[in-house]
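Below: one structure, written as structure tokens.
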Amino acid sequence: MAHSIKTVYVVHHSHTDIGYTDLQERVIAIQVNYIKTVLSMMRQPEYADFRWNCETLYCVEEFWKQASEDDRADFARFVKEGKIGISANYLNFNDLVNADVFGKRLAKWQDKLQPFGTKIHTAMAADVNGFSMGYRDAMIENGVEFFFTNVHCHHGMYPLYQNQNAFFWENASGQRLLVWNGEHYNLGNVLGLQPNHAVNWMMRNRLGEDADAGTSFSDQLHTNLDKYLTECETEGYPYDFIVTAVSGVFSDNAPPSAEIMETIRAYNEKYGQEVRVEMVSLQELYAAIAPKLTDAPVYRGDWTDWWANGVGSTPYAVKHYKDADHRWQLVNRLDPDAETHYPALAEAVQDNLMLYAEHTWGHSSTITNPYDTMVLNLDMRKNSYASKAHEAASLMLCSIAEKKGDMLRYYNTTGTVRAVGVSHTSQPQLIEFYIETLALEDVEVRDLAGNLYTCQVSPHPRGRKISFIDTLSYGEEKEYTYAARHKAPETLNTRHCYMGAEEVRDIVNDYDPVTYRLPYEVENKFFRICYKPGDGITSFVDKRTGTEMAGTAIPFFTPVYQRTPLHQEVPFSSYEERRALGRNIRGKHAETHIGKLMEITCMEHGPVFTQLRLHYSLAGTVKADVLLKLYEAIPRIDFTLELGKTISDEVESVFLSLDLNRLGNETVLRKGAREAFRPGIDQLPGTCMEFYMSDDGAARLSPEGGVLIAARDVPMFYTGEMQHHPIRLCDGAAENNARPLYSWVMNNNWETNFKMDLSGFCQYDYSLWLTNISDPEQAMDELHEQLFDPYVLIVR
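Per the numbering used here, the very first residue in the sequence shown carries number -8; after that it's consecutive.
Written out as structure tokens, the structure reads:
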């Protein structure tokens, strides 16, 4: 049959999973060995047509560390000649990755290759379902022009409602990255470019039940290719070429295979006059197809990752990772030359931040064999990347603090602290420090000019925390003295009718107009929050405008638990129940349990803040309390979910409602520290609108005033329906942005490499600020800066 497609470009690679198929170190070793094998092959003339593509730069980096000078020179020469394809994609990441860290590493590699007369202008990714705009911009800023993607549609989907097409992905500055939105990365294996000796599930899925794995491999390739090309052409495929990736075996972390080259040679000798198959590097692919794609459509917006929810399977390690990343940013704010001063530690932080943000997570049998030693080993090793990044960043912070005068002791009940401004915000901020003593009842805090500050002393594990408010500019250092003072015992004032002999303050009065109201509401000059046992949060008012902020869905601050029971009669039910979810995150028979507010307790009521504990009863947990802390002098609420999660093999999720009044408001998120976006609107067409990751949190904005919500250690946000439902893909409609918002604390709804056990005890920290900012980019900038309260040193 004649075809309008005349050339099939074949990109031979190994899909890089750091884990999944084997222990992480083993995977790294075999990927390095593959590059060594390819160099050996390419030095021989019979492999002149052979091409190999390094899918991830990390594998090249690991090879480079142990390669001889001759091997490095040969590798660079083959890259320059276009025989080895090199990809700017450092690892196949999820959206946790710090895009600035990635950008710096890519810049180093451009410098490293320059003496060899070559640069990296291409990138490829496989398996993963999305990329942040920050990741895109890091590539653009480092000279990358072409991105070849191969999305795996398991619990996900490619963008633009169709694959095997091209588009320009444009950023806010008008810079563009040419994207080839390709097929599954094993399409070439399905077609038979790597000879198939048995029919597998993907062959049946793509070629039909009559898929053949015969012995005449060139004939098998011809038959399969004819089917596939006919399907594409029937659907209106517009180009005279098509692209496919292929691996040495039908697996991840697969080896290079000379059989692919031999099969192509045999096919071209027999059928090349119909459709020619060419093995190419990424550089050759870009050179061949770019001139034919100049009129490709241009799109802006987020490429939302369908697989982002995997991070919710390890909420404890993700919290640790988020704190490591925060400490790394804090290091660079305190010492802009930290990488020069602490090169080994800086490299350790960045290496491990990127390794933890790699998408793989665990072993492929994490759900089917949760007791297996290999599953445990991969999980522990993955967590260690977050811990090693945290350790290195913490060591840097300790050294920087000592150089800045910190005495590294916190026992004196009288002394001097120095606060360092590390935020670009102009707003008053919370200043806190810790003293290890249980005897400190109250303190007096003054600056060196003698000004007295309102402060509050709070219980803290092993000691006391001292809190007060001040405004510091970025880089400003200001000293304060603190001195213990006796706290007068609180006695009953019998001249005022406010409390009885049983010490219960339940009388309406003017002497203490706050305490009697706390069982029902808490109020300051910024907020009024009303609550009722059984009903939960009943009102949440922004007192600037009198606006009722409470949404119409599940009340703000309320924890939610969902479970999908397993059909025990189904073999491998823990696997099959999850597989059948598709792009839903719960089954059709899922149960939703909304936390029931049982009791409200006032933990502290002082001159700086009031803290309440909301005791919720929630299925699937032994504890689900929410702590609210409202400050008297700043429009900020800190709230914490204290969660004790039980163990289960069922499909589970825990959420915390962040639903606010959506009328006239816009929800804004940001990933990769670039380009704030409105979920459901500012996205590539056909992408996910069910859930998102965000660097710092979310904003709800309107011309009348809005709020900034920091999710300090829970990066996932859910915006879909709270029930099984048909999945709508993003079409940019305005109503898409008016969905309820939930913090998605944890889940175990994957059936392969993401962890099933969610049990444990942990606190998840959030903050909310009122803001007058209505510009999305400025709002997310302000949110990011608000995360950095002044850094406090105890200097005397």
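Ideal Cβ positions, reconstructed from N, Cα and C, are used throughout, including at glycine.
If the criterion is Cβ atoms closer than 8 Å, does the pair F682 and A299 meet it?
Yes, they are a contact pair.
CB of T658 within 8 Å of CB of L732, strictly
Yes, the Cβ-Cβ distance between T658 and L732 is below 8 Å.
Under the three-state reduction of DSSP, which class applies to D86: helix, strand or coil?
D86: coil per DSSP, three-state reduction.
Taking contact to mean at least 3 C-beta pairs separated by less than 8 Å, is the segment 236 to 252 in contact with the segment 36 to 55?
Counting C-beta pairs closer than 8 Å gives three or more between the segment 236 to 252 and the segment 36 to 55, which meets the contact rule.
What's the call for Y402, buried or exposed, on a 16-neighbour Cβ count within 10 Å?
Classification for Y402: exposed.
Taking the straight line between their C-alpha atoms, what separation do you get for E275 and F139?
Computed Cα separation, rounded: 12 Å.
On a CA-only basis, which of G183, A116 and D766 is nearest V(-1)? Give me that one, please.
The alpha carbon of V(-1) has as its nearest neighbour, out of G183, A116 and D766, the alpha carbon of G183.
Between the segment 4 to 18 and the segment 231 to 244, are three or more C-beta pairs nearer than 8 Å?
By the Cβ criterion, the segment 4 to 18 is in contact with the segment 231 to 244, since at least three pairs of Cβ atoms, one from each stretch, lie closer than 8 Å.
Please state if the CB of N744 and the CB of W352 are separated by a distance shorter than 8 Å.
Yes, they are a contact pair.
Ignore the nearest five residues each way along the sequence and tell me which others in P781's own chain have a CB closer than 7 Å to its CB.
Once the five neighbours on either side are set aside, the close Cβ partners of P781 are A410, V411, G412, V413, Q420, I422 and L463.
To the nearest angstrom, how far is the alpha carbon of Y81 from that of E349?
So the alpha carbons of these two residues sit roughly 9 Å apart.
Where do the N-terminal and C-terminal ends of the beta strand (DSSP E) with T658 fall, by residue?
First-last of the beta strand (DSSP E) with T658: E657 to K662.
Got a sec? Which residues, its chain only, sit under 6 Å from K523 by beta carbon, not counting five neighbours each side?
Closer than 6 Å at the Cβ level, and outside the excluded window around K523, lie T529.
Is it right to say A430 is buried, meaning 16 or more other beta carbons lie within 10 angstroms of its own, or is it exposed?
Result: exposed.
Determine, using beta carbons only, whether G677 and L720 come nearer to each other than 8 Å.
A contact, by the Cβ cut-off of 8 Å.
Grab me the residues of V705's own chain with a C-beta within less than 6 Å of its C-beta, minus the 5 sequence neighbours each way, in chain order.
Contacts found: S734, V736 and Y755.
Below 8 Å, can you find three or more Cβ-Cβ pairs linking the segment 752 to 767 to the segment 684 to 694?
A contact exists between the segment 752 to 767 and the segment 684 to 694.
Flag this pair as touching only if the segment 287 to 295 and the segment 47 to 67 have three or more C-beta atom pairs under 8 Å; answer yes or no.
With the rule of 3 Cβ pairs closer than 8 Å, the segment 287 to 295 does not count as touching the segment 47 to 67.
Throw me the rounded Cβ distance for the G292 and D673 pair, which I believe falls under 8 Å.
Beta-carbon to beta-carbon, G292 and D673 are separated by about 4 Å, close enough to satisfy the 8 Å threshold.
Please identify the residue among G227, T225, R730 and H188 whose C-alpha is closest to the C-alpha of S209.
It is H188 whose Cα lies nearest to the Cα of S209.
State yes or no: is the C-beta of M345 within less than 8 Å of the C-beta of V92?
In this structure, V92 lies closer than 8 Å to M345 by Cβ.
Here's the rule: buried if 16 or more other CB atoms are within 10 angstroms of the residue's CB, otherwise exposed. What is S648?
By the Cβ-count criterion, S648 is buried, with 16 or more other Cβ atoms from all chains shown falling within 10 Å of its own Cβ.
Can we say the segment 436 to 450 touches the segment 583 to 601, given the rule of at least three CB pairs closer than 8 Å?
Three or more beta-carbon pairs drawn from the segment 436 to 450 and the segment 583 to 601 are found closer than 8 Å, and the two stretches are therefore classed as touching.
Under 8 Å: do the segment 500 to 507 and the segment 621 to 630 share three or more Cβ pairs, one atom per stretch?
The segment 500 to 507 vs the segment 621 to 630: no contact.
If you measure between the beta carbons of Q15 and L369, is that distance less than 8 Å?
When the beta-carbon positions are compared, Q15 and L369 come within less than 8 Å of each other.
CB K662 to CB G125, shorter than 8 Å?
A Cβ-Cβ contact shorter than 8 Å links K662 with G125.
Near Y333, what residues of its chain come up, given a Cβ to Cβ distance below 6 Å and the 5 sequence neighbours on each side ignored?
So the list reads M387, once near-sequence residues are dropped.
Contact under 8 Å by Cβ, K74 with M33
Yes, the pair counts as a contact, with Cβ atoms nearer than the cut-off.
Rounded to whole angstroms, how far is the Cβ of A236 from the Cβ of L178, which I believe are closer than 8 Å?
Confirmed, Cβ separation roughly 7 Å.
Within 10 angstroms of the Cβ of N484, are there 16 or more other Cβ atoms? Answer buried if so, exposed if not.
It counts as exposed.
Rounded to whole angstroms, what is the Cα-Cα separation between G696 and T536?
Straight-line spacing of the CA atoms in G696 and T536 works out to 8 Å.
Please work out which residues of its chain come closer than 6 Å, Cβ to Cβ, to S304, disregarding the five sequence neighbours upstream and downstream, and give them in chain order.
If the five residues before and after S304 are omitted, its C-beta is found closer than 6 Å to the C-beta atoms of N739, F745 and K746, all from its own chain and listed in chain order.
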